[in-house]
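Number 482 in the working numbering belongs to position 76 of the sequence shown; there are no gaps in the numbering. Read the structure below first, then the notes.
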Amino acid sequence: MPPEHAHAPLPDTFALHAGELIALQVQAARAAGLAGPHFHDTLADGAAAPELRVIPAGTFEYGAAPQEAASPQERPRRCALIERGFALGAHPVTTEEFEAYARATGWQPRAELVWLAGRKPVINVRQSEARDYCAWLSAQTGHRYRLPTELEWEYACRAGAATAYPNGDRIGPGEALYNASVGYDAMRPRRPRLLSRCFVRCGAQDVGRYPPNRWGLHDMTGNVWEFTASPWSRDHASLPERPLPGRPQAVVTKGGSWFDGPEDCRAAARRRRLENELDLNLGFRVLREL
């Protein structure tokens, strides 16, 4: 292949400083024909679709670092290529955004479940309903929307950070919405905490209240766990689980939540949930292909 047609190697995002990461994002937006890395599509009625941030192609390492206190399900740490850039929701899908889909399609929440309002993240929706919402956005905008894979989600969350959190190896209550009453012992990974069936208060807050990561993504850490498109695997060296006939698929969720401690807000943290699971601390965000 002549040199002028050779593809440049993908950048190692862990080797770039903040300014270089933002420049890479701007370059990816221009290559996609966009005015900038922050944009949104338009629905058929003229309303704005969810806010998006361009995520450039690159390489990174996923999973917990060797020195990081983490459960076996977050290991081993491995290198990965994100060969094609994409756009990711600037924040989890909000209740008001999902309600636009509900009005258009006749979807209704279950009357016995908690339902939020406005710019709080949508909760108590199944993964299949999240996929249906993405399909509706695709039909409305003419662009393909879907859920991110686990690798795409973690790559976007890290935004070039090799550390436990997008902005370092520590996190504070001013950086994300999590259960600050639960301490994080770096030497003792904690067992997952489960919401009681009779728990009826939801602590989720309006999206975008906390600082974004370097690529402009809000609430990647805390607020609500987020469905990914990836089936669950017991660790990063194992094949995905296959459900028994007639049983729901287990899937990967990421991000931690208002109910969980700071250890669940780490970029490598992951939680096993079922595709048909409904919860007060479980939502999703959309990926739009470029």
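No residue lacks a Cβ here, since even glycine has one placed at the ideal position from N, Cα and C. Keep in mind that this is a model prediction, so the values were computed, not measured.
DSSP three-state call for residue i: helix, strand or coil?
i: Arg672; result: coil
i: Tyr468; result: strand
i: Trp559; result: helix
i: Leu487; result: strand
i: Arg436; result: helix
i: Thr501; result: helix
i: Leu430; result: helix
i: Arg564; result: helix
i: Cys604; result: Residue confidence for Cys604 is low, a pLDDT of 44 falling below 50, so the modelled location carries little weight; the figure read from the coordinates is stated next. The answer is coil: DSSP assigns Cys604 none of H, G, I, E or B.
i: Pro478; result: helix
i: Gly425; result: helix
Give me whichever residues DSSP pairs with residue i in a beta bridge.
i: Asp641; result: Bridge partners of Asp641: none, in fact.
i: Asp418; result: Thr465
i: Ala454; result: Thr448
i: Gly495; result: Leu458
i: Phe633; result: Thr659
i: Arg679; result: Val657
i: Glu695; result: Phe492
i: Tyr551; result: Arg694
i: Gly574; result: Tyr571
i: Gly628; result: Leu583
i: Leu688; result: Trp631
Out of curiosity, what's the CA-to-CA distance linking residue i and residue j?
i: Glu681; j: Gly452; result: 32 Å
i: Thr634; j: Arg640; result: 15 Å
i: Asp625; j: Glu683; result: 21 Å
i: Gly614; j: Arg648; result: 36 Å
i: Leu557; j: Ala523; result: 30 Å
i: Ala534; j: Val528; result: The sequence given here places Ser at residue 534; Ala does not occur at that position. Each residue's Cα considered, the two are about 14 Å apart.
i: His423; j: Ala463; result: 16 Å
i: Arg509; j: Lys526; result: 18 Å
i: Ala592; j: Ser477; result: Note that Ala592 scores 40 on pLDDT, short of 50, meaning its location in the model is unreliable; the coordinates nonetheless yield the value given after this. Their Cα atoms are separated by approximately 11 Å.
i: Arg552; j: Arg691; result: 9 Å
i: Ala731; j: Leu449; result: Residue 731 is absent from the model: the chain starts at 407 and stops at 696.
i: Arg603; j: Phe665; result: In this predicted model, Arg603 has a pLDDT of only 46, less than 50, meaning its place in the structure is not dependable enough to derive any value.
i: Gln431; j: Pro417; result: 12 Å
i: Thr465; j: Ala517; result: 45 Å
i: Ala421; j: Tyr616; result: 26 Å
i: Asn573; j: Ala567; result: 7 Å
i: Gln473; j: Ser636; result: 26 Å
i: Phe605; j: Glu502; result: The predicted position of Phe605 is uncertain, since its pLDDT is 49 and thus under 50; a value taken from the coordinates is nonetheless stated next. When rounded, the distance between both Cα atoms is 23 Å.
i: Asp612; j: Thr555; result: 24 Å
Taking 8 Å as the threshold (C-beta atoms), are residue j and residue i in contact?
i: Arg459; j: His642; result: no
i: Gly662; j: Trp631; result: yes
i: Gly469; j: Ala674; result: yes
i: Ala541; j: Asn619; result: no
i: His444; j: Gly652; result: no
i: Thr659; j: Arg677; result: yes
i: Ala441; j: Leu696; result: no
i: Asn530; j: Leu583; result: no
i: Ala504; j: Ile461; result: Here the sequence assigns Phe to residue 504, which means Ala is not the residue at that position. No, Cβ-Cβ distance for Phe504 and Ile461 is not below 8 Å.
i: His499; j: Tyr561; result: Looking at the sequence provided, one finds Val at residue 499 rather than His. Contact: no.
What do you reckon, is the C-beta of residue i under 7 Å from a heavy atom of the ligand SAM?
i: Tyr507; result: Of the ligands one can find in the structure shown there are none, so the ligand SAM has no counterpart to examine.
Checklist line | Runs of beta strand (DSSP E) wholly within the segment 505-549 (minimum 3 residues, chain order) | finding: none
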